[in-house]
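K.L.:
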Amino acid sequence: TATDTGTLTASDVFALTVTSNDQVLTGTAGNDVLTGGVGNDQLFGLAGNDTLTGGAGNDLLAGGTGTDTMQGGIGNDTYIVDAAGDVVTELPNEGSDRVQSALLAYTLAANLENLTLTGTEPSAGIGNALNNVLIGNSGANLLDGKAGADTMAGGAGDDLYMVDETGDVVVEQAGEGTLDTVSSSVTYTLSASVEHLILTGTTAINGIGNALDNVLTGNSAANVLTGRAGNDTYLIGMGDTVVEAANEGADTVISILTHTLAANVENLTLVGFSSVSGTGNALDNVLNGLLNPGGNTLTGGGGNDTYILGSGDTVVEAANGGTDTVQSSGTHTLAANVDNLTLTGAGAINGTGNSLNNTMTGNSAANMLSSAGGNDTLRGNGGNDTVSGGGGNDTFLFGRGEGQDLVQDNSGTADKLLYDSGINPLDLVISRQANDLRLSIHGSTDAVTVQNWYVGTTNRTETIQAGNGQTLLSAQVDQLIQAMASFSQQSGLTWDQAIDQQPQNVQTVLAGSWQ
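The sequence shown begins at 364 in the working numbering and counts up by one.
1. Let me make sure I understand the geometry here. Which of G530, N439 and G737 has the alpha-carbon closest to that of N477?
2. With H, G and I counted as helix, E and B as strand and the rest as coil, what does DSSP make of V840?
3. From I571 to N610, what does the alpha carbon distance come to, in whole angstroms?
4. Do V557 and N582 have their C-beta atoms within less than 8 Å of each other?
5. Applying the criterion that 16 or more other CB atoms from any shown protein chain within 10 Å of the CB defines a buried residue, is M601 buried or exposed?
6. Tell me the DSSP secondary structure of Q796 in three-state form.
7. On the DSSP letters alone, give me the boundaries of the beta strand (DSSP E) that D507 sits inside.
8. Determine the direct distance from the alpha carbon of N659 to that of L471, and round the result to whole angstroms.
9. When you compare each of Y551, G745 and V792 to A337 by their alpha carbons, which one comes out closest?
10. Does L575 come out as helix, strand or coil in the three-state DSSP assignment?
11. Quick check on N713: does DSSP put it in helix, strand or coil?
12. Going by CA-CA distance only, name the one from G540, S548 and T483 that's closest to A510.
13. Under DSSP, the alpha helix (DSSP H) around N630 begins and ends at which residues?
14. Rank Q536, Q845, S876 and A735 by C-alpha distance to the C-alpha of A344 and give the top, closest one.
15. Using only CA atoms, which one of G745, N403 and L741 lies nearest to S727?
16. What does the alpha-carbon distance come out to for the pair A487 and V545?
17. Can you look up V811 in the DSSP assignment and give me helix, strand or coil?
18. Are the beta-carbon atoms of N700 and A729 separated by less than 8 Å?
19. Should G806 be labelled buried (16 or more other beta-carbon atoms within 10 Å of its own) or exposed?
20. What whole-angstrom Cβ distance do T589 and I561 have, given they're in contact under 8 Å?
21. Taking the straight line between their C-alpha atoms, what separation do you get for L379 and G408?
22. Can you tell me the Cβ-Cβ gap for N431 and A410, rounded? I've got them flagged as a contact below 8 Å.
23. Taking C-beta to C-beta, are L650 and L631 nearer than 8 Å?
24. Would you report the Cα separation of T364 and R461, rounded to the nearest angstrom?
25. Could you compute how far the alpha carbon of G764 sits from the alpha carbon of A698?
26. Buried or exposed for Q536, please, with buried defined as at least 16 other CB atoms from any protein chain shown within 10 angstroms of its CB.
27. Contact check, G643 vs D668 under 8 Å by CB: the rounded distance?
28. Is M847 helix, strand or coil when you go by DSSP?
29. Taking 7 Å as the cut-off, is the beta-carbon of N756 closer than that to any non-hydrogen atom of the ligand ADP?
30. Any chance you could list the beta strand (DSSP E) runs of at least 3 consecutive residues sitting entirely within the region 646-709, in chain order?
31. Does A365 come out as helix, strand or coil in the three-state DSSP assignment?
32. Got a sec? Which residues, its chain only, sit under 6 Å from S459 by beta carbon, not counting five neighbours each side?
33. By the three-class DSSP mapping on this structure, what secondary structure does Q386 have?
34. Go to L873, then tell me how far its alpha helix (DSSP H) extends in each direction, as first and last residue.
35. According to DSSP, what are the bridge partners of S774?
36. From which residue to which residue does the beta strand (DSSP E) around M731 run?
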């Protein structure tokens, strides 16, 4: 644009060509044509739909805003692309060229070798048939080299790499994302600092992890998945083989099909909706059927196994198969050779033991826990629970915040009511309620009622043990209740009031019965 002394103006599009070395050419707001020479030139189109030609030399071409056409020519050229309509042209054998793109997605044109994504937004960089180098930005990138032996470096962010050649190389540094993933159609070994591998296609290929906690996913064919070190997770299909060496982390298989854990794999989770089976090994396995509502069969091995059950699941344990635990979100009866039961969730469900020495624990709702035979340990946990002893010498556990539990002590000669640490004799208010014995925790609504204590001695817990280790024998309970009543009569205080106002005198009364 030119302006004369009379302030008249005239505009035109012009071409600027320079033949000397190493020039910096800057366009205007119009549609410019900038042509470099034989040197290492820098061409800046600015606004408008510009045409930039670098000529010989290692040139920098930046079209600016607008739809620009850029051709570097011979030399190792750099193109700055910031509009989706920009066109970059390189002929064969014209050097090793690089595109720097701030677009959300960019695909290298023919004869361009390298791509660097700039900015911080999630972006995609796509290669061509050459051996490309693709470099991501600080966001989450998708890098796909296409054909050729490509090198891809995502940088910071959780990046996704598409691998389709055995020569493809993925580069990640430590701390550059936590969910970097390679999606590969060929056999592939994860490089350092890459977390996840997904095999694609229908060919029987293999996937190998690294020292991180990897997630390895097979394709529709029969794959061999090797996790190496780390706590690895395998998502497997039909025909897949899992390989783990000893002492290589706590590993988990997720399967929609019937599956038996390979050696050195600890955990199995069944998914889907069909009834399938899961079988452990000699380790301490966690067998999880909760995510598959089809009614599964879970079979442990020789270790101390944990079964996480859903509706309709069946547990199978052989004799001498370790100390095993069932975690159930529904009412459950322990199968033979299973030792422990923990009720989960928030539903009012029930649990029943077997002939072993069981440990059974309720959830936060109102549960009924029932012993069978054996010397069992029962804790109702939260909620107003009913805990029922069986034929053995049972232990009933109770702590603060666990509601108002009913203890049914049906037999045994050495049953025990055991309080958690912090609940001492001074904290307990003991009284007779009709035929029952009630033990309330001072200052709370928590209480244990031993049903039919006064009906017969078989209904009594032979020992009550406080959290500090002191014990009160069943034969001394009435003596203590009488001493408490006598003290209250003389002092004019209820036992709760006496605990607050005369704790030393209360301790003296308690010392006559608690040992």
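Where is the CB? At the ideal position from N, CA and C, for every residue including glycine.
P.N.:
The structure says:
1. Of the candidates G530, N439 and G737, the one whose C-alpha sits nearest the C-alpha of N477 is N439.
2. Residue state for V840 is assigned as helix, using DSSP reduced to three classes.
3. Each residue's alpha carbon lies about 17 Å from the other.
4. For V557 and N582, no; Cβs fall outside 8 Å.
5. Answer is exposed; the Cβ neighbour count stays below 16.
6. Looking at Q796 - three-state DSSP - the assignment turns out to be strand.
7. Membership of D507 in the beta strand (DSSP E) is indicated by the continuous run N504 to D507.
8. So the alpha carbons of these two residues sit roughly 51 Å apart.
9. For the chain, the structure presents residues 364 to 878; residue 337 sits outside this window and is missing.
10. Coil.
11. Looking at N713 - three-state DSSP - the assignment turns out to be strand.
12. The shortest C-alpha separation from A510 is found at S548.
13. Looking at the DSSP string, N630 is not in any alpha helix (DSSP H); the run it does join, the beta strand (DSSP E), is N630 to L633.
14. Outside the modelled stretch of the chain, which goes from 364 to 878, sits residue 344, for which no answer is possible.
15. Residue nearest to S727 within the set G745, N403 and L741 is G745 (criterion: CA-CA distance).
16. Computed Cα separation, rounded: 14 Å.
17. Three-state DSSP puts V811 in a strand.
18. No, the pair does not count as a contact, with Cβ atoms beyond the cut-off.
19. The Cβ neighbour count for G806, taken over all protein chains shown within 10 Å, is under 16; the residue is labelled exposed.
20. The pair is not a contact, with the Cβ atoms about 15 Å apart (cut-off 8 Å).
21. Here L379 scores only 48 on pLDDT, less than 50, and its place in the model should not be relied on; the value that follows carries that caveat. Each residue's Cα considered, the two are about 11 Å apart.
22. Checking the sequence shown, residue 431 turns out to be Asp, not Asn. Contact flag wrong, Cβ pair sits at about 10 Å.
23. Yes. Within cutoff.
24. Because T364 sits at a pLDDT of 47, beneath the cut-off of 50, its placement in the model cannot be relied upon, and the following sentence gives the value as read from the coordinates. In this structure, the alpha-carbon of T364 lies about 34 Å from that of R461.
25. Whole-angstrom Cα-Cα distance: 31 Å.
26. Classification for Q536: exposed.
27. Their Cβ separation, rounded to whole angstroms, is 6 Å, which keeps G643 and D668 in contact under 8 Å.
28. In the structure shown, M847 falls within a helical segment according to DSSP collapsed to helix, strand and coil.
29. Absence of the ligand ADP from the depicted structure is noted, as is the absence of any ligand whatsoever, leaving it without description.
30. Assignment of beta strand (DSSP E) within the region 646-709, counting only whole runs of 3 or more residues, yields 649-651, 660-662, 669-672, 677-679, 688-691 and 703-706 in chain order.
31. Annotation note: pLDDT 42 at A365 (below 50); position unreliable, coordinate value reported separately. If DSSP states are grouped into helix, strand and coil, A365 belongs with the strands.
32. The answer, listed in chain order, is N439 and E476.
33. DSSP, read as helix, strand or coil, puts Q386 in coil.
34. Annotation for L873: the continuous alpha helix (DSSP H) segment containing it runs P866 to A874.
35. BP columns for S774 are empty, so no partner.
36. It spans M731 to S733 - the beta strand (DSSP E) in which M731 sits, taken as one unbroken run.
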